[in-house]
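Under my numbering, read the sequence shown as residues 218 to 428, first letter to last.
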Amino acid sequence: MRLPITPVNTLLRDLRGQLRQNHPGGRLLVAVDALPSVATAAFADAFADVVAEDGTAVFRAGADGFLLPPRARPGHSREPAWFDEETFRRVLVDPFRGGVHTSATTGFQLAAWDPRRERPAEARWVTAPEDAVIVVDGPFLNTPALRGIWHFSVWLEVADSALAAREGRSMDAPYSRTELAYLREQPVQRASALVDVTDPQHPVQVFRDSC
Numbered sequence: 218m219r220l221p222i223t224p225v226n227t228l229l230r231d232l233r234g235q236l237r238q239n240h241p242g243g244r245l246l247v248a249v250d251a252l253p254s255v256a257t258a259a260f261a262d263a264f265a266d267v268v269a270e271d272g273t274a275v276f277r278a279g280a281d282g283f284l285l286p287p288r289a290r291p292g293h294s295r296e297p298a299w300f301d302e303e304t305f306r307r308v309l310v311d312p313f314r315g316g317v318h319t320s321a322t323t324g325f326q327l328a329a330w331d332p333r334r335e336r337p338a339e340a341r342w343v344t345a346p347e348d349a350v351i352v353v354d355g356p357f358l359n360t361p362a363l364r365g366i367w368h369f370s371v372w373l374e375v376a377d378s379a380l381a382a383r384e385g386r387s388m389d390a391p392y393s394r395t396e397l398a399y400l401r402e403q404p405v406q407r408a409s410a411l412v413d414v415t416d417p418q419h420p421v422q423v424f425r426d427s428c
């Protein structure tokens, strides 16, 4: 079903075209990455809907569905080390990728942790056809350990003024120490596409000179 023409859907169709230019089919993993203070879920939901317009099987997952238990999380605020990479690879990435070579009945899980109840999620195994896309959203998805997973990744950003308006931040120091550490790992440079979502209803793709 074709979605209505809106500024958001127009941008998302452009991104879909960029994804399909290099990956016209197969099983694809797409990341919607950002700093922890930037919302990613609604954008990822909308992108999944647009990718599915042509009948492609599209699934959604979030980094929040693969968190370590609270006792295993370092620090008091979100950081890359909260993500349970081993479980993410074992129950989602590896079976999703491997299913195309083994059987369409090979199952994978879209979540292993329930972030609302802070406990393991009920195991729900799903299957996919040979051509399928999983859109994963959340912060810190383009760390060096994870960036090789993605066929396509989108970096969402907001104006520095929005970051500076947060409690404890300022225009002189809009980023936290954890955010600066992540930015030094160059997630922006590694992303396939950059999108400014300062106004969520009118997102704008940003093009920067990589030199």
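Glycine included, every Cβ here is placed at the ideal spot set by N, Cα and C.
These figures come from a predicted structure and were not determined experimentally.
Who does residue i pair with in a DSSP beta bridge?
i, result
"residue 337", "330"
"residue 342", "326"
"residue 276", "351"
"residue 245", "350"
"residue 235", "The partner list for residue 235 (beta bridge, DSSP) is empty, contrary to what the question assumes."
"residue 250", "355 and 372"
Just to confirm, are residue i and residue j a CB contact at a threshold of 8 Å?
i, j, result
"residue 313", "residue 305", "no"
"residue 352", "residue 261", "yes"
"residue 357", "residue 297", "yes"
"residue 276", "residue 327", "yes"
"residue 252", "residue 384", "no"
"residue 308", "residue 278", "no"
"residue 371", "residue 340", "no"
"residue 373", "residue 414", "yes"
"residue 355", "residue 280", "yes"
"residue 382", "residue 274", "no"
"residue 241", "residue 419", "no"
How would you call residue i, buried or exposed, if buried means at least 16 neighbouring beta carbons within 10 angstroms?
i, result
"residue 250", "buried"
"residue 264", "buried"
"residue 393", "buried"
"residue 424", "exposed"
"residue 322", "exposed"
"residue 404", "buried"
"residue 343", "exposed"
"residue 400", "exposed"
"residue 239", "exposed"
"residue 428", "Confidence in residue 428 is poor, its pLDDT being 41 and thus under 50, which makes the residue's placement too unreliable to answer from."
"residue 272", "exposed"
"residue 421", "exposed"
Quick one: what does DSSP say residue i is sitting in, helix, strand or coil?
i, result
"residue 370", "strand"
"residue 300", "strand"
"residue 428", "The predicted model places residue 428 with a pLDDT of 41, which falls under 50 and marks its position as unreliable, so this point remains unresolved."
"residue 375", "coil"
"residue 285", "coil"
"residue 418", "coil"
"residue 412", "strand"
Taking the alpha-carbon of residue i as reference, which of the options has the nearest alpha-carbon?
i, options, result
"residue 237", "258, 269 and 225", "269"
"residue 408", "247, 289 and 287", "247"
"residue 362", "302, 346, 241 and 227", "302"
"residue 338", "286, 389, 377 and 234", "286"
"residue 221", "331, 360 and 267", "267"
"residue 334", "316, 282 and 390", "282"
Would you say residue i lies against chain D (beta-carbon separation less than 8 Å)?
i, result
"residue 401", "This model lacks chain D altogether; it includes just one protein chain."
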